[in-house]
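>
8 protein chains.
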Amino acid sequence: MDIRVYLAGEIHSNWRSEIVEGCSSAQLPISFMSPISDHELSDGVGTDILGDETDGFWKDHKSAKINAIRTRTMIEKADILVAKFGEEYRQWNTALDVGYAAAKEKPIIVLHPSSLGHPLKEVDATAMAVAETAEQVVKILQHIVMKQDTIDS
Amino acid sequence: MDIRVYLAGEIHSNWRSEIVEGCSSAQLPISFMSPISDHELSDGVGTDILGDETDGFWKDHKSAKINAIRTRTMIEKADILVAKFGEEYRQWNTALDVGYAAAKEKPIIVLHPSSLGHPLKEVDATAMAVAETAEQVVKILQHIVMKQDTIDS
Amino acid sequence: MDIRVYLAGEIHSNWRSEIVEGCSSAQLPISFMSPISDHELSDGVGTDILGDETDGFWKDHKSAKINAIRTRTMIEKADILVAKFGEEYRQWNTALDVGYAAAKEKPIIVLHPSSLGHPLKEVDATAMAVAETAEQVVKILQHIVMKQDTIDS
Amino acid sequence: MDIRVYLAGEIHSNWRSEIVEGCSSAQLPISFMSPISDHELSDGVGTDILGDETDGFWKDHKSAKINAIRTRTMIEKADILVAKFGEEYRQWNTALDVGYAAAKEKPIIVLHPSSLGHPLKEVDATAMAVAETAEQVVKILQHIVMKQDTIDS
Amino acid sequence: MDIRVYLAGEIHSNWRSEIVEGCSSAQLPISFMSPISDHELSDGVGTDILGDETDGFWKDHKSAKINAIRTRTMIEKADILVAKFGEEYRQWNTALDVGYAAAKEKPIIVLHPSSLGHPLKEVDATAMAVAETAEQVVKILQHIVMKQDTIDS
Amino acid sequence: MDIRVYLAGEIHSNWRSEIVEGCSSAQLPISFMSPISDHELSDGVGTDILGDETDGFWKDHKSAKINAIRTRTMIEKADILVAKFGEEYRQWNTALDVGYAAAKEKPIIVLHPSSLGHPLKEVDATAMAVAETAEQVVKILQHIVMKQDTIDS
Amino acid sequence: MDIRVYLAGEIHSNWRSEIVEGCSSAQLPISFMSPISDHELSDGVGTDILGDETDGFWKDHKSAKINAIRTRTMIEKADILVAKFGEEYRQWNTALDVGYAAAKEKPIIVLHPSSLGHPLKEVDATAMAVAETAEQVVKILQHIVMKQDTIDS
Amino acid sequence: MDIRVYLAGEIHSNWRSEIVEGCSSAQLPISFMSPISDHELSDGVGTDILGDETDGFWKDHKSAKINAIRTRTMIEKADILVAKFGEEYRQWNTALDVGYAAAKEKPIIVLHPSSLGHPLKEVDATAMAVAETAEQVVKILQHIVMKQDTIDS
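Chains as they are written, first to last, in this note's numbering: chain G, 2 to 154; chain X, 2 to 154; chain Z, 2 to 154; chain E, 2 to 154; chain R, 2 to 154; chain H, 2 to 154; chain W, 2 to 154; chain F, 2 to 154.
1. Could you check whether the stretch 124-141 of chain E touches the stretch 134-142 of chain Z, counting it as contact only if at least three pairs of C-beta atoms, one from each stretch, sit closer than 8 Å?
2. Which term fits Ser116 of chain F, buried or exposed, when burial requires 16 or more other beta carbons within 10 angstroms of its beta carbon?
3. Taking the C-alpha atoms as reference points, what is the distance between Asp1 of chain G and Ile141 of chain G?
4. Do we get a CB-CB distance below 9 Å when we pair Thr48 of chain G with the residues of chain Z?
5. My output table needs one value for Arg17 of chain R: the three-state DSSP class, helix, strand or coil.
6. Looking only at its own chain, which residues have a Cβ that is under 8 Å from the Cβ of Pro30 of chain X, when we skip the five neighbours before and after it?
7. By DSSP, does Tyr101 of chain R sit in helix, in strand, or in coil?
8. Count the CB pairs spanning the stretch 66-76 of chain Z and the stretch 90-98 of chain E that are closer than 8 Å, and state whether there are at least three.
9. Taking Cβ to Cβ, would you say Ala27 of chain F is nearer than 9 Å to Ala84 of chain F?
10. Quick one: complete beta strand (DSSP E) runs, 3+ long, within the stretch 63-136 of chain X?
11. What do you get for Asp53 of chain Z, buried or exposed, if any count of 16 or more other CB atoms within 10 angstroms of its CB means buried?
12. Tell me whether Pro36 of chain X is buried or exposed, calling it buried when 16 or more other Cβ atoms sit within 10 Å of its Cβ.
13. Using a beta-carbon distance cut-off of less than 7 Å, what residues from the stretch 77-106 of chain W approach chain R?
14. Here's the rule I'm using: 16 or more other beta-carbon atoms within 10 Å means buried, otherwise exposed. How should Pro108 of chain F be labelled?
15. If we count the other Cβ atoms within 10 Å of its Cβ and call it buried at 16 or more, is Asp56 of chain R buried or exposed?
16. If I'm right that Ala126 of chain E touches Lys66 of chain G with Cβ under 8 Å, what's the distance once you round it to whole angstroms?
17. Inspect the beta-carbon positions of Ala79 of chain X and Val21 of chain X and report whether they are closer than 9 Å.
18. Just mark Lys63 of chain F as buried or exposed, buried being the case when its beta carbon has 16 or more other beta carbons within 10 Å.
19. Mapping DSSP to helix, strand and coil, what is Ile37 of chain R?
20. Between which residues of its own chain and Cys24 of chain W is the CB-CB distance below 7 Å, once the five residues before and five after are set aside?
21. DSSP on Gly52 of chain R, reduced to helix/strand/coil?
22. Can you name the start and end residues of the beta strand (DSSP E) that Ile4 of chain E belongs to?
23. Scan the stretch 113-143 of chain Z for residues whose Cβ lies nearer than 9 Å to a Cβ of chain E and list them as they occur along the chain.
24. Out of curiosity, what's the CA-to-CA distance linking Thr48 of chain Z and Lys122 of chain X?
25. Would you report the Cα separation of Arg91 of chain F and Met34 of chain X, rounded to the nearest angstrom?
26. Quick one: is Lys148 of chain W buried, meaning 16 or more other Cβ sit within 10 Å of its Cβ, or exposed?
27. Return helix, strand or coil for Ile152 of chain E, following the three-state DSSP convention.
28. With 9 Å as the threshold, decide whether the Cβ of Thr72 of chain E is near any Cβ in chain Z.
29. Can you round the beta-carbon distance between His40 of chain X and Ile12 of chain X to whole angstroms, since I take them to be within the 8 Å contact cut?
30. Measure the C-alpha to C-alpha separation of Ile50 of chain E and Glu19 of chain R and round it to an integer number of angstroms.
31. Can you confirm whether Pro108 of chain E, when its beta carbon is compared against all beta carbons of chain G, has any partner nearer than 9 Å?
32. Have a look at H:Ile152, H:Val111 and H:Ser154 and flag the residue whose alpha-carbon is nearest the alpha-carbon of Arg17 of chain H.
33. Can you pull the chain H residues whose beta carbon is under 9 Å from the beta carbon of Thr151 of chain W, in chain order?
34. Using the C-alpha atoms, what's the distance from Glu133 of chain X back to Asp44 of chain F?
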C-alpha cells in the first residue's frame with residue numbers, strides 16, 4: 002500500500018527532512034507533501050503575483066488564500082496528516098489544518114514537545130498518535146505500511 | 002429563517018454575552034450554542050467523572066475528549082460559526098474548531114483585534130467576515146436573517 | 002409535506018411577490034427565502050458594518066462575502082431553488098447560485114423570457130423545469146406539494 | 002504532486018493556450034482539461050448526433066446536456082478550476098461552472114479584467130485568487146505545485 | 002421516534018390506503034408521502050403548465066421532470082422507502098426510485114406478489130424486507146417504531 | 002440544545018433505564034432511542050411477519066434485516082451513540098453498531114466493566130469516553146447539554 | 002482525459018460490442034466495464050459457489066447479491082453509465098442501476114428504441130442523452146473525450 | 002477492472018494466505034491489504050514506539066489507535082472488505098471493521114463456520130455474501146473481476 006502524507010506546521014526547524022529521510026532510508030512506499038517553507042516567499046506570494054496592497058490585511062489575505070489552494074489540495078490528496086507544533090509562534094494555521102483534516106476523516110499524527118501537552122489537549126484529542134520526535138513518527142509510518150509476507154500487495 | 006450559531010473561542014471575556022444580548026435586543030430569530038466557559042469545570046471534567054489519572058497527559062486527554070463531544074455536536078448543529086481570538090493564550094482549540102467547521106462548509110465569522118491580523122491570516126482566509134467588535138458580529142447576523150417584506154417566511 | 006424554496010436572481014421586478022402571493026392564495030405549505038433585495042443595502046453591507054475601503058474591489062469583496070453567508074445558508078436549508086433571469090444586467094451571481102444548488106442536488110426551476118433561451122441553455126440544462134411566468138412556477142410548486150387524499154400527511 | 006486543472010469560460014480568445022504553454026515552459030506537473038472551444042461543434046452536437054429538432058429550445062437543450070457530461074466529468078476530476086470572464090457575452094455557463102465547483106469544494110482561480118470587478122463580486126468572493134492575466138495564473142499554479150527540496154515527492 | 006415513509010410504485014391499486022390506514026389504526030407516529038396517483042394529471046402536468054409540445058418525447062420529458070422534483074424531494078425527506086411492484090406495467094420508474102433510495106442509504110421495503118421474485122431479484126437484493134401484503138408492511142413499520150417502556154422517547 | 006442518544010448493546014440488564022431515569026431526574030433535554038429489548042420478539046420478527054423458513058440461517062437473516070431498519074434509522078437520527086458491552090455473549094452486533102456510527106462521525110460513549118478493556122481496545126479507541134457505570138454516562142451527557150447562563154438557547 | 006464507462010442493461014443483443022468496437026476504432030481513451038452477460042452463469046452464481054437452496058427466492062437472492070458486488074463496484078468506479086433498454090423482459094435491474102448511478106451523480110446515457118419513450122420517461126428524465134443506436138452513443142463518448150489541440154492533456 | 006480487497010479479522014489461522022494464493026493462481030487482478038498479523042507486535046506498537054504506560058488501558062489505547070491508522074486507511078482504499086470470524090476470541094474489532102465498512106458503502110463478504118450463524122446474524126445481514134471457506138471467497142472474487150470477451154477493459 003502506497004500512502005501520501007502531508008507534513009503540516011512549523012517551518013523553522015528540520016523535522017520534515019528527518020521524517021522524509023527516515024522513511025527514505027527504510028525504503029517505505031510513502032510520498033510526502035508540504036507547505037512552502039520559505040517564509041518570505043510564502044508571505045509575499047499574493048502581492049508578488051497579483052499586485053501590491055496598501056492595507057496589510059489584504060496583503061496577508063491574498064497570500065493566505067493562494068497558499069490555501071496548495072494546502073487544501075494537498076490535504077485532500079493526503080491519506081495521513083502529520084502536524085508539528087513548537088514552543089515558538091502561535092501556529093494557528095497548523096491547528097486550522099488539523100481541524101480541517103479531522104473533519105475530512107484523515108488520520109492525524111501530532112508531533113510536539115511534552116511541555117505543550119496542556120494547551121494542545123484538544124488538538125491531541127483529535128489525533129491517532131502524539132509523538133515527541135520525528136523518529137517516532139517514522140516508526141509509526143513504518144508500522145502503517147508494513148508488508149505482511151505472502152499477503153499484502 | 003431561524004438560524005443556529007456556535008460561539009467558539011476565548012472564554013475569559015464577555016464577548017459571548019454581548020453578541021447574545023445584542024441579537025436578543027434586536028429580536029433576531031437566532032439560537033446560540035457555546036463551549037463550557039467555566040475553565041476548571043471544563044479542564045477537570047474527564048477525571049471528575051471517569052476517575053483520576055497519574056499522568057497529566059491522560060487527565061487532559063479524557064477532559065478534551067468529553068468536551069469534544071459537546072463541541073462536535075454543536076458545530077454539526079450550527080448554521081454559522083463565530084470564532085473569537087484574543088492576545089492572551091494560544092487558543093489552538095479555537096483554530097481547530099475553525100478548521101473543522103470550514104471543512105464542514107459552515108460559514109465562519111472571525112472576531113479579533115486588528116493587531117492579530119498577521120498570525121491569523123490563514124484563519125481569516127477561511128472566514129466570510131473578519132470583525133473587531135461584538136457589535137459588528139450582531140450587525141452581520143442581523144443582515145443574514147433580515148426579513149424581506151411580503152417575501153421571506 | 003412542508004417545503005422550503007429559495008428565490009434566487011433578479012431583484013428589480015416583483016416576481017418574488019407574485020410567487021409568494023400565488024402560493025399563499027392557494028394555501029400551499031411552502032416557506033420562502035430570498036436575498037436582500039434592497040440593492041444599496043446589499044452592496045454596502047461590508048463597509049457599512051466592517052469599515053470603509055479605499056479600493057473598490059475590497060469594498061465589493063466584503064459585501065459579497067457577508068451576503069454569501071446569507072445565500073449559502075438559505076440554499077443549504079432550501080428543498081428547491083427558483084432562479085429568475087432577465088434581459089437586464091449580467092446576473093452572474095444568479096448563475097453561480099444555480100451551479101451551487103445543482104452540485105448540492107437541489108431541484109432547480111428556472112424562470113426567464115423565452116428570448117434568453119440560447120445564452121441560458123447550460124443553466125436550463127441543469128433545471129427540472131423552465132418557466133416563463135411566475136404563475137407557472139406557482140402551479141409547479143402546487144403540483145409538488147399536492148396532497149393525495151387519505152395518503153399523504 | 003501532480004494536479005489537474007479545468008479551464009472554464011471564454012472560448013473566443015487564446016487565454017487557455019497562454020496558461021498551458023506557460024506551465025509547459027516551466028515544466029509544471031499539471032494536466033489540463035477544457036470544454037469544446039469550437040463554438041459551432043459545441044452548439045450543434047445534440048442535433049448532429051441525436052437528430053434534428055423543430056424547436057430551438059430543445060436543440061439547445063440536447064447540445065447543452067451532452068456538453069454537460071463533458072463539463073461535469075472534467076470538473077469532478079479536476080483539483081482546481083480556473084474560470085475566465087470577458088467583456089463580451091453573458092457567460093452564464095461560466096458562472097454556473099464556478100458555482101458547481103465551489104459546492105464541490107474545488108479551489109477556484111478567477112481571471113477577468115478589473116473592469117468586471119463589480120458585476121463579478123459574488124463570483125470573486127468564491128475564489129481563492131482573482132487574476133487579470135494568464136501569466137498571473139501560471140505563477141499561482143507554479144506556487145501551488147512548487148517542490149520543496151528534500152521533502153516533497 | 003417519528004418517521005417518514007415514501008410509498009413508491011403502483012398507482013392503480015389501493016395498497017397505499019391499506020398501509021396508511023393500518024398504521025393509523027395502530028396509532029403509529031408515521032407520516033406518509035407519495036407520488037401523484039392521478040395518472041392523467043401526472044402525465045400531463047408538463048404541458049398543462051408549461052405549454053404544449055408537438056413531439057411526444059418532450060411532452061413526456063416535461064412532465065417526468067416536474068414529477069421528479071416531487072419524487073426526489075420526498076425521497077430525500079423520507080427515512081424509509083416502500084416500493085410496490087405488480088404484474089401489470091413495466092414500472093421502470095419504481096425500480097429507478099429504489100436504486101436512487103438505495104444509493105442514498107434509505108432502508109427499502111419491497112412489496113410484490115411472489116410470482117415476481119425472479120425478475121425482481123436485484124431489486125429485492127437491495128431491500129431490507131420483501132413483503133407480499135400491505136398488512137405485512139404495516140407490521141414491519143410497527144416493529145420499527147415500537148416504543149420500549151421507560152426508555153424510548 | 003436538544004440531543005438524541007441511541008443506546009446500543011446489551012439487552013439483559015437494566016443499564017438503559019438507569020441512564021434514561023438519571024437524565025430524566027436531572028431534567029436534561031435528551032431523547033433516547035433503543036433496539037427492541039424483548040429477545041424473542043426481536044429474534045422472531047422476520048418469520049413472524051413474513052412467513053416461516055426451514056433453514057435457520059434465513060430465519061435469522063429476515064429478522065436481522067428488519068431489526069437493521071430500526072437500528073440504522075435510529076443511528077442516523079442520533080447525535081450520540083452509547084454502547085454497552087458485558088461479560089456475557091459475543092455482542093458482535095454492538096461492535097457493528099459502533100463501527101457504523103464511527104464512520105457516520107457520531108460521537109461514541111462506550112460502557113463496559115474494566116475487565117473487558119483489552120478485547121475492546123479497538124472499540125474504545127473509536128470512543129470519546131469509556132465509562133464503567135451508567136451514572137458516569139449520565140454525568141457526561143449532562144456536561145454535553147449543560148446550559149451556559151445568558152448564552153446558550 | 003481517460004474515462005471509464007459502465008454498460009448496464011440488456012444482455013441478449015450485441016450492443017455492448019458495437020459501442021466498444023466503435024470506440025476502439027476511433028482510438029478513444031475509454032475503458033469499459035459490464036455485468037456478466039452469460040445468463041446462466043449469472044443466475045446460478047450464488048448457489049454454484051455457496052451451496053444450493055430449496056427455496057427459489059433464496060437461490061435468486063444469493064446470486065443477485067454476488068452480482069451486486071460486481072455491479073456496485075463497477076458503477077462506483079465508472080465516470081459515466083450507459084443503460085440499454087429493449088422491448089423484451091422487464092429489466093427492472095437496469096432501471097435500478099440508473100437510479101443508483103443518478104444518486105451517485107454519474108452522468109447517464111440511455112439507449113432504447115423510440116417506442117419505449119413513454120414507459121421510460123422517468124428514466125430518460127434522469128439522463129443527459131437519450132440515444133436510439135449504439136453508433137450515437139459512440140459519437141457522444143467521442144465528443145466527451147475529444148482533445149482540444151495544444152490545451153487538453 | 003483492478004480491485005483492492007481488505008482482509009479483516011482472525012489472525013491465528015492461514016485463511017488470508019489461502020485467499021491470496023487462490024487469487025494469485027487464478028491470475029486475478031486483485032491486490033490485498035491486511036492488518037498486522039503478528040499479535041505481539043500489534044499489541045505493543047503503542048508503547049514500543051511512544052513510551053511505556055503504567056496503566057494497561059492506556060497501553061492498549063496507544064496501540065489500538067496506531068493500528069487504527071493502518072486499518073482506517075486500508076478500508077478507505079479498499080473496494081471490498083472480507084471479514085473472517087472464528088469460534089475463538091470475541092473479535093469485536095472485526096465486527097467494528099464490518100460496521101465501519103458498511104457505513105462507507107463498501108461491499109462486504111463474511112467468512113465464518115455455519116455454527117456462528119446466529120450470533121453473527123446482524124453482521125451477515127450487512128454482507129453481500131456469507132461464505133464458509135476461503136475457496137468460496139476466491140470464487141466470488143473471480144466472478145466479480147471476470148472479464149467479458151471483447152467488452153471489459
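Idealized CB from N, CA, C, for every residue including glycine.
Per the coordinate set shown:
1. no
2. Working through the eighth sequence from its first residue, we reach residue 116 of chain F at position 115. So Ser116 of chain F counts as exposed.
3. Here chain G has residues from 2 to 154 only, and residue 1 of chain G is not among them.
4. On the first sequence, position 47 is the one that residue 48 of chain G refers to. No, Thr48 of chain G lies away from the interface with chain Z (no Cβ there is under 9 Å from its Cβ).
5. The residue you call residue 17 of chain R lines up with position 16 of the fifth sequence. Residue state, collapsed to three classes: helix.
6. As a working note, residue 30 of chain X is residue 29 in the second sequence. The beta carbon of Pro30 of chain X sits closer than 8 Å to the beta carbons of Met2, Asp3, Ile4 and Val146 from its chain, once the five residues preceding and following it are set aside; these are given in chain order.
7. Counting from one through the fifth sequence, the residue named residue 101 of chain R turns up at place 100. The answer is helix: DSSP assigns Tyr101 of chain R an H, G or I state.
8. no
9. Reading the eighth sequence from its first residue, position 26 is the one you call residue 27 of chain F. Reading the eighth sequence from its first residue, position 83 is the one you call residue 84 of chain F. Result no, Cβ atoms of Ala27 of chain F and Ala84 of chain F do not sit closer than 9 Å.
10. 81-85, 109-112 and 130-132
11. As a first step, residue 53 of chain Z is located in the third sequence; it is residue number 52 there, counting from the start. Of the other Cβ atoms in all chains shown, fewer than 16 fall within 10 Å of the Cβ of Asp53 of chain Z; this residue is therefore exposed.
12. Looking up residue 36 of chain X in the second sequence gives position 35. Result: buried.
13. Arg91, Trp93, Asn94, Ala96, Leu97, Asp98, Val99, Gly100, Tyr101, Ala103, Ala104 and Lys105
14. Translated into positions along the eighth sequence, residue 108 of chain F becomes position 107. Pro108 of chain F should be labelled buried.
15. Indexing the fifth sequence from 1 puts residue 56 of chain R at position 55. It is exposed - the Cβ of Asp56 of chain R has fewer than 16 other Cβ atoms within 10 Å.
16. As a first step, residue 126 of chain E must be located in the fourth sequence, where it is residue number 125. As a first step, residue 66 of chain G must be located in the first sequence, where it is residue number 65. The Cβ separation is near 11 Å, so there is no contact.
17. Your numbering for residue 79 of chain X matches position 78 in the second sequence. Your numbering for residue 21 of chain X matches position 20 in the second sequence. No; because the gap between Cβ atoms is not below 9 Å, this pair is not in contact.
18. Position 62 of the eighth sequence, counting from 1, holds the residue named residue 63 of chain F. So Lys63 of chain F counts as buried.
19. Taking the fifth sequence and counting its residues from 1, the one referred to as residue 37 of chain R is at position 36. Correct three-state label for Ile37 of chain R: coil.
20. Looking up residue 24 of chain W in the seventh sequence gives position 23. Within the same chain, Cys24 of chain W has close Cβ partners Ile31, Val139 and Leu142.
21. Mapped onto the fifth sequence, residue 52 of chain R falls at position 51. Coil.
22. Here residue 4 of chain E refers to the residue found at position 3 of the fourth sequence. Looking at the DSSP string, the run of the beta strand (DSSP E) that includes Ile4 of chain E is Ile4 to Gly10.
23. Ser115, Leu117, Gly118, His119, Pro120, Leu121, Lys122, Glu123, Val124, Asp125, Ala126, Thr127 and Val131
24. Here residue 48 of chain Z refers to the residue found at position 47 when the third sequence is read from its first residue. Here residue 122 of chain X refers to the residue found at position 121 when the second sequence is read from its first residue. Spanning the alpha carbons of Thr48 of chain Z and Lys122 of chain X requires a straight line of approximately 20 Å.
25. Taking the eighth sequence and counting its residues from 1, one reaches residue 91 of chain F at position 90. Taking the second sequence and counting its residues from 1, one reaches residue 34 of chain X at position 33. Going by the C-alpha atoms only, they are around 41 Å apart.
26. Mapped onto the seventh sequence, residue 148 of chain W falls at position 147. Exposed, by the Cβ-count rule.
27. In the fourth sequence, residue 152 of chain E corresponds to position 151, counting from 1. The answer is coil: DSSP assigns Ile152 of chain E none of H, G, I, E or B.
28. Here the question's residue 72 of chain E lines up with position 71 in the fourth sequence. Yes - at least one Cβ of chain Z is within 9 Å of the one on Thr72 of chain E.
29. Taking the first residue of the second sequence as 1, we reach residue 40 of chain X at position 39. Taking the first residue of the second sequence as 1, we reach residue 12 of chain X at position 11. Rounded, the Cβ-Cβ distance is 6 Å, consistent with contact.
30. Indexing the fourth sequence from 1 puts residue 50 of chain E at position 49. Indexing the fifth sequence from 1 puts residue 19 of chain R at position 18. Straight-line measurement puts the Cα of Glu19 of chain R at about 48 Å from the Cα of Ile50 of chain E.
31. As a first step, residue 108 of chain E must be located in the fourth sequence, where it is residue number 107. True, the Cβ-Cβ gap to chain G drops below 9 Å.
32. Walking along the sixth sequence from the start, residue 17 of chain H turns up at place 16. When only C-alpha atoms are compared, the closest one is H:Val111.
33. The count along the seventh sequence starts at 1 and reaches residue 151 of chain W at position 150. Per Cβ cutoff of 9 Å: no residues; Thr151 of chain W is ~45 Å from chain H at best.
34. Counting from one through the eighth sequence, the residue named residue 44 of chain F turns up at place 43. Counting from one through the second sequence, the residue named residue 133 of chain X turns up at place 132. Going by the C-alpha atoms only, they are around 51 Å apart.
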